[in-house]
Amino acid sequence: MAVEYEATAAGSGSSATERFLSKGSVGAASSPERVDMLVGEVLGAVHETIRRHEVSYDEYEALKAWLIQVGADGEWPLFLDVWLEHVVEEVATEDREGSQGSIEGPYYVADSPRLPAEASLPMRDDEPGTPLVFQGRVTDVSGRSLSGAHVEMWHADDYGFYSQYAPGLPEWNLRGTVVADEWGRFRIHTVQPAPYQIPHDGACGALIAAAGWHAWRPAHLHLKVSAAGHRRVTSQLYFRGGDYVDDDIAQAVKPSLLLDPTPTADGTSNEVTYNFTLDPE
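When we follow full-length UniProt numbering, the leftmost residue of the sequence shown carries the number 1, and every step to the right adds one.
Pasting the structure below:
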């Protein structure tokens with residue numbers, strides 16, 4: 001039986017690509033003029049880099065080979081989400097008055113199990129890691145409770161692996177959609193995730209090695225918080241003082257997204273409170 005430690009870049013990349021394509025038609029209603037402007041500027045920046053740094057034919061051929069391998073490994077979702085998405089997210093949400101968000105990343109899975117306002121995420125009986133109680137409240141920008149708000153949470157386990165992207169893990173391990181109570185409150189029992197390296201035995205890993213970078217992401221919780229009539233916020237929350245918080249390969253950490261867990265009164269777990277404020281649509 002396959003186990004999570006046997007996860008490969010090609011395997012997770014293939015799963016991420018398949019998941020993305022399963023969304024169906026994906027596109028933007030951009031005019032030919034805007035496409036011309038955007039593509040022209042991107043290509044112009046590449047042309048200028050080639051000229052400024054006198055890129056050789058050997059380097060150009062190496063780039064072609066690498067781009068082909070990214071596709072062969074199914075790692076385009078990984079590449080784009082790690083190195084580009086944080087800038088798109090900043091631009092797309094800069095007008096928000098409510099809670100700041102962060103990148104979605106390649107490991108989101110829709111339709112996770114629906115759970116009550118206080119619930120434990122699905123997990124194995126012997127799930128490793130420090131127990132964590134994550135609680136808070138969802139309101140609008142005026143402070144009004146958003147009854148029945150949905151708080152989707154997913155995260156890696158104590159070894160840095162995600163269910164549905166690593167073999168051997170239960171389908172919905174550490175994934176769930178909690179429905180807030182009439183006061184917008186939620187209380188989620190889970191375990192603290194670990195920092196992990198993005199898949200680095202494929203094309204993206206070859207780039208990381210060639211550039212002398214590291215492949216680490218800090219430990220984080222993924223969330224999507226939504227309520228009728230309000231803009232959904234997609235977020236990642238990090239643990240203050242944790243490894244790689246100041247050196248995230250995905251450059252997605254923001255000061256407002258840092259958590260400060262404290263031990264519970266009985267000392268059996270950590271707990272943290274984090275509230276979400278949603279903008280109107």
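Glycine included, C-beta positions come from ideal geometry on N, C-alpha and C. As the structure is a prediction and not an experimental result, all values here were calculated from the model.
- Separation of Trp154 and Glu94 (C-alpha to C-alpha, rounded to the nearest whole angstrom) is 24 Å.
- Relative to Asp201, the option among Lys64, Pro195, Ala194, Ala210 whose CA is nearest is Ala210.
- The C-alpha of Asp266 is placed about 42 Å away from the C-alpha of Ala92.
- About 5 Å separates the CB atoms of Phe239 and Leu259; that is less than 8 Å, so the two are in contact.
- Between Ala149 and Ser226, the C-beta spacing is below 8 Å.
- Every beta strand (DSSP E) of 3 residues or more that sits fully in the region 113 to 195 is shown, in chain order, as 118 to 120, 131 to 140, 150 to 154, 175 to 179, 185 to 191.
- CA-CA distance, Ser269 to Ala194, rounds to 15 Å.
- Inter-segment contact for the region 46 to 64 and the region 182 to 198 is absent: fewer than three beta-carbon pairs are separated by less than 8 Å.
- Note on geometry: alpha-carbon atoms of Trp76 and Ala180 lie some 35 Å from one another.
- Of the candidates Pro255, Leu221, Asp248, Asp248 places its Cα closest to the Cα of Gln197.
- Residue environment analysis places His214 among the exposed positions, since fewer than 16 neighbouring C-beta atoms fall within 10 angstroms of its C-beta.
- Checking the DSSP bridge columns, you'll see Arg217 partnered with Tyr196.
- When only Cα atoms are considered, Thr177 and Glu152 end up about 4 Å apart.
- Under the 10 Å beta carbon count, Ile68 is surrounded by fewer than 16 other beta carbons and is classified as exposed.
- Contact between Pro106 and Asp81 is confirmed by a C-beta separation of about 5 Å, below the 8 Å threshold.
- Between Ser120 and His220, the C-beta spacing is not below 8 Å.
- Counted as a single uninterrupted DSSP element, the alpha helix (DSSP H) harbouring Glu89 occupies residues 85 to 93.
- Scanning Thr17, Leu43, Ser56, Val87 for the CA closest to the CA of Gln251 turns up Val87.
- DSSP, read as helix, strand or coil, puts His230 in strand.
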